[in-house]
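For the record, the sequence lines run as chains R and D.
Per the numbering used here, the first sequence starts with residue 0, numbered consecutively.
Per the numbering used here, the second sequence starts with residue 0, numbered consecutively.
Below is one structure, written out as structure tokens; the observations come after it.
2 protein chains.
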Amino acid sequence: MGISTVGIVSPKIVVIGAGAVGCYFGGMLARAGHDVTLIARPAHVHAMGANGLRMEAKAFDEYVRVRASTEISAVKDAQFVLFCVKSTDTEDAATQALPHVAPHAVLLSLQNGVDNAERLRRLLPNHGVASAVVYVAAEMVGPGHVKHRGRGELVMEPFLGSAILTQMLLAAGVPVEVSDNVRGALWHKLILNCAYNAMSAIVQMPYGKIAMGDGVQDVMRDVVDECLAVAKAEGVEVAGNVDAAVRMIFETMPGQFSSTAQDLARSKRSEIDYLNGLIVRRGAALGVATPVNRVLWSIVRLLESKHSAVG
Amino acid sequence: MGISTVGIVSPKIVVIGAGAVGCYFGGMLARAGHDVTLIARPAHVHAMGANGLRMEAKAFDEYVRVRASTEISAVKDAQFVLFCVKSTDTEDAATQALPHVAPHAVLLSLQNGVDNAERLRRLLPNHGVASAVVYVAAEMVGPGHVKHRGRGELVMEPFLGSAILTQMLLAAGVPVEVSDNVRGALWHKLILNCAYNAMSAIVQMPYGKIAMGDGVQDVMRDVVDECLAVAKAEGVEVAGNVDAAVRMIFETMPGQFSSTAQDLARSKRSEIDYLNGLIVRRGAALGVATPVNRVLWSIVRLLESKHSAVG
């Protein structure tokens with residue numbers, strides 16, 4: 000079966016990890032009439048089976064018809080797998096999916112962090128694996144109910160079939176750019192996350208208040224410098240102007256708490272090992288000092304251990 | 000009036016800032032029969048006036064007769080002023096005391112931090128001012144009630160009258176050493192505080208648990224290295240083996256929370272500006288990078304601002 004044939008018959012899409020990101024992009028494709036299956040937890044599947052996926056977006060508020068399943072085997076006919084689990088769950092989810100993924104399927108990582116595609120390739124060496132950088136503000140507000148707060152673009156690396164998926168997404172109202180420097184864009188986003196996520200999590204304060212704190216601008220400068228040094232040693236060309244972007248965030252999202260802050264507040268394991276923790280590991284491997292990322296990572300790990308001890 | 004005469008008539012001692020440190024050392028002198036006045040808040044003064052100071056020490060549990068006053072003017076006849084306020088209150092307390100302090104009085108700073116004596120000398124340039132390093136585990140458990148958990152020594156710099164005070168303290172059961180490197184000993188203690196206080200405060204965990212955290216040993220190593228570099232640039236010869244002392248603390252006091260942790264837990268202003276904050280300021284002035292001390296200081300400042308905003 001060739002890719003072009005699949006393209007004509009409207010390729011099936013399966014979302015693994017139907018959190019806010021998976022529901023938003025899967026939902027947009029489903030809303031445009033595509034065959035989308037969301038693999039999720041029972042409460043979500045139940046709600047979506049009964050009423051569809053509620054997409055409370057900026058421009059519309061609709062119940063969108065989707066397929067939903069609790070079974071990972073539902074991935075079996077997918078042409079495109081939108082892989083949207085947290086970075087902490089990449090290996091688990093990929094290992095469970097592996098026996099069911101069709102040989103011609105492409106897994107597209109829509110995750111935070113910079114190493115998910117390489118971790119997926121290690122587990123699925125014979126499948127197509129690609130990365131996309133996700134720019135969306137969205138959250139789950141209840142079972143089968145995603146709230147979209149802003150943006151909603153993807154920057155995707157080219158892969159076999161990317162033209163088809165790009166067309167589908169564009170037609171569904173999702174701006175997509177295919178870029179040969181997705182790695183640099185993922186690092187750009189990683190660095191912003193390193194500058195804000197841990198800090199917001201540790202003090203449980205939003206970006207605007209953090210940025211006003213004594214010495215915080217210097218701390219963020221240190222974080223960014225360490226990250227850029229690691230990126231350089233890795234041979235990554237970080238996309239865009241990171242410094243300007245760091246400033247933009249507290250100016251444009253002063254009330255926002257980081258995902259890491261939300262995880263800690265809910266006593267959930269955060270992605271810190273794939274944010275500041277990744278910088279620390281890569282820095283150590285490459286001989287680049289990362290003391291400020293390390294202290295942020297260490298503190299978040301201590302807070303996680305404290306929460307997991309009590310809850 | 001000569002010092003020797005004053006020595007013979009048993010010099011009067013006044014404690015400014017009758018917290019745990021002031022109550023312990025003032026109490027030990029009072030218990031040995033000396034004329035000791037504790038300047039404290041009304042609730043403490045009332046309790047001490049009614050029953051004396053309760054000293055719940057390791058070796059005894061007694062009500063000790065002391066003078067107590069809420070009035071700073073009670074300092075007026077003091078030969079020795081044990082200056083025991085928090086580092087944040089040094090200027091306020093010294094300014095209030097200034098009009099009342101006798102010309103021959105010596106102010107002995109029994110405080111955390113390394114710059115209190117120099118700050119006192121700035122405000123009282125014509126008085127004797129000296130520093131002591133305090134080694135005691137004690138806390139106030141209620142009005143007029145100090146609990147002593149361990150140690151209780153002083154290392155004092157020599158000053159006019161230090162021999163008299165030393166004799167009084169030794170006779171009262173307080174081990175004292177007169178040292179010409181009190182500055183180095185204060186820095187030693189400062190560095191230990193920099194390694195532990197902020198971390199314990201930020202995560203609200205005791206030393207033993209902190210020390211087990213991912214990357215924490217490396218973080219503490221970074222903190223110590225930055226502090227030693229600043230000390231060196233200042234021309235300070237840091238006393239003792241700081242690295243060994245850092246290890247000792249979590250091994251010998253695994254259940255202890257830092258004073259900074261206790262301050263934050265009670266929504267009180269901490270001494271962080273005179274611990275990691277001092278390292279940051281001195282480092283900036285001397286051209287020594289202190290990024291790890293800075294991030295710890297910044298986070299504690301944010302947590303303080305958060306608490307003061309709500310309480």
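Glycine is no exception: its CB is placed at the ideal position from the N, C-alpha and C atoms.
Source: prediction; values computed, not measured.
In the DSSP output, which residue or residues are listed as bridge partners for residue i?
| i | result |
| --- | --- |
| D:Asp-213 | Looking at the DSSP assignment, D:Asp-213 forms no beta bridge with any residue, so it has no partner. |
| D:Arg-53 | D:Tyr-62, D:His-144 |
| D:Thr-36 | D:Val-13, D:Arg-66 |
| R:Ala-101 | DSSP output for R:Ala-101 lists no bridge partner at all. |
| R:Ala-31 | Answer is none; R:Ala-31 lacks a bridge partner. |
| R:Val-80 | R:Val-13, R:Leu-106 |
| D:Val-128 | D:Leu-106 |
9 Å is my cut-off, CB to CB: does residue i come that close to chain R?
| i | result |
| --- | --- |
| D:Lys-305 | yes |
| D:Gly-310 | Low per-residue confidence applies at D:Gly-310: pLDDT is 38, beneath 50, and the placement is therefore not dependable enough to give any value. |
Using only the alpha-carbon positions, how far apart do residue i and residue j sit?
| i | j | result |
| --- | --- | --- |
| D:Met-247 | R:Val-181 | 48 Å |
| D:Thr-36 | D:Ser-257 | 28 Å |
| R:Pro-205 | R:Arg-265 | 16 Å |
| R:Val-100 | R:Met-54 | 28 Å |
| R:Gly-282 | R:Asp-88 | 23 Å |
| R:Gly-32 | D:Ile-271 | 59 Å |
| R:Gly-141 | R:Gly-207 | 27 Å |
| R:Val-113 | R:Ala-131 | 10 Å |
| R:Glu-61 | D:Ala-260 | 49 Å |
| D:Asp-34 | D:Pro-10 | 7 Å |
| R:Arg-280 | D:Arg-280 | 30 Å |
| R:Met-198 | R:Asn-192 | 10 Å |
| R:Arg-30 | R:Gly-21 | 14 Å |
| R:Phe-79 | R:Ile-12 | 5 Å |
| D:Trp-186 | R:Glu-250 | 40 Å |
| D:Leu-301 | R:Asn-50 | 44 Å |
| R:Pro-98 | R:Val-223 | 40 Å |
| R:Ala-317 | R:Val-84 | Lying outside 0 to 310, the shown extent of chain R, residue 317 of chain R is not represented and no answer is given. |
| D:Gly-183 | D:Val-235 | 6 Å |
| R:Ala-136 | R:Glu-70 | 27 Å |
| R:Ala-232 | D:Asp-221 | 22 Å |
| R:Asn-292 | D:Ser-297 | 14 Å |
| R:Val-44 | R:His-103 | 26 Å |
| R:Asn-275 | R:Val-229 | 11 Å |
| R:Pro-124 | D:Leu-189 | 54 Å |
Along chain D, which residues have their Cβ under 7 Å away from the Cβ of residue i?
| i | result |
| --- | --- |
| R:Arg-293 | Gly-214, Asp-217, Val-218 |
| R:Pro-290 | Asp-221, Pro-290, Val-291 |
| R:Ile-12 | By Cβ distance, chain D contributes nothing, its closest Cβ being about 38 Å from R:Ile-12, past 7 Å. |
Is the Cβ of residue i closer than 9 Å to any Cβ of chain D?
| i | result |
| --- | --- |
| R:Leu-301 | yes |
| R:Met-198 | yes |
| R:Val-229 | no |
| R:Ile-190 | no |
| R:Ile-248 | no |
| R:Lys-57 | no |
| R:Ser-257 | no |
Which residues in chain R have a C-beta closer than 7 Å to the C-beta of residue i? List them in chain order.
| i | result |
| --- | --- |
| D:Ile-298 | Ile-201, Val-202 |
| D:Ile-209 | Leu-301 |
Quick one: which chain R residues come within Cβ less than 8 Å of residue i?
| i | result |
| --- | --- |
| D:Val-279 | Gly-214 |
In chain D, which residues lie less than 9 Å from residue i when you measure between Cβ atoms?
| i | result |
| --- | --- |
| R:Ile-163 | Those do not exist, as R:Ile-163 stays about 43 Å from chain D at its closest Cβ, beyond 9 Å. |
Can you list the beta strand (DSSP E) stretches of 3 or more residues lying completely in the stretch 132-167 of chain R, in chain order?
144-155
Let me know the beta strand (DSSP E) ranges lying completely inside the stretch 229-287 of chain R, each 3 residues or longer, listed in chain order.
none
In chain order, what are the residue ranges of uninterrupted beta strand (DSSP E) at least 3 long that sit wholly in the stretch 174-220 of chain R?
175-177
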